[in-house]
Structure formats: C-alpha cells, structure tokens
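Asker: I'd like to ask you about the structure that follows.
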C-alpha cells in the first residue's frame, strides 16, 4: 500500500524547490524585489527543513529512479514553450502549489504535523503569488 510514496515525496520536494528557484530568480533579477525573493527563498528552505525533519532523505534517494519514471518523457503541448517572463513565473508557481499540495497529502500518511507544515507553506505561496502577480502586471504594462 505504501509502495511509491517515497518516490512521490522525492519528486515533489524536488519539483517544488525547482519551481521556487525559478520564481525566486524572476523576483530577484527581473522584478528587483528583495521581499518577494526572500519570501520565496524562505519557503524553499522551509520545504527542505520540513522534508529533513520528517523524512529520511537517504530513503528518498535510495528509491529514486528518474530514468525508470514513466512520466519523465510526457510533456503537455505548451510545456516546452513560454510567451514571456510572466508566463514562466506562473507556470512555475503553479508547479510549486501543486507539488506542495501533493507533499501535504502524502505526508498525512506519515505525520500529521508534517502535513500541517506543508499546508502553511502552501498558503504562504498563495500570498507571494498574489504580490508577484501585481508587480508582474505593472511590469507588463510599462514595458
């Protein structure tokens, strides 16, 4: 029944952190916004801290099998193309929200406190997304 759970956790920890890094770089280098950059970085570190506290990362690595992953070669038709930086930001922040939700749900099988931490991080993502959206909209209209 628990087969694959560590692979799910591993994939979603990585996916969330990667998406956060992309959004963080946009806020840092394009929007030049230290508060958004810092907020996203704190969430990224929060995911790492929560994962380390409640999951043996060595177990995740042991079960990692990227080349055998059946979803590795699947791509949505629009996944390989982006219109602009705003599109990149929203594609990645969506990945983050989805991944943190998956972490929250599957963590319920291990420790409800862990799931609660992921839930809190997810709501922080929603807030930062809103703030970044406002700034990206003003950037789009000015440039």
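Residue numbers (our numbering): 19 to 161. Positions of the beta carbon are idealized from the N, C-alpha and C atoms, including for glycine. Since the structure is predicted, the reported quantities are computational estimates derived from the model, not experimental observations.
1) Considering just the uninterrupted stretch of the alpha helix (DSSP H) at residue 18, what are its terminal residues?
2) Cβ of residue 61 within 8 Å of Cβ of residue 139?
3) Just the C-alpha distance for residue 53 and residue 155, rounded to the nearest angstrom, thanks.
4) Alpha carbon to alpha carbon, what distance is there between residue 51 and residue 19?
5) Quick check on this structure: which residue in 83, 56, 150 has the alpha carbon closest to the alpha carbon of residue 22?
6) What are the boundary residues of the alpha helix (DSSP H) that includes residue 114?
7) Take residue 117 as the anchor and find which of 69, 148, 43, 105 has the nearest alpha-carbon.
Answerer: On the basis of the coordinates in this document:
1) No statement about residue 18 is possible, as the shown extent of the chain runs from 19 to 161 and does not include it.
2) Closer than 8 Å, so yes.
3) Using only the alpha carbons, I get a separation of about 17 Å.
4) Because residue 19 sits at a pLDDT of 47, beneath the cut-off of 50, its placement in the model cannot be relied upon, and the point is left open.
5) Cα-wise, what sits closest to residue 22 is 83.
6) That run of the alpha helix (DSSP H) goes 103-125.
7) Checking every option, the nearest Cα to that of residue 117 belongs to 69.
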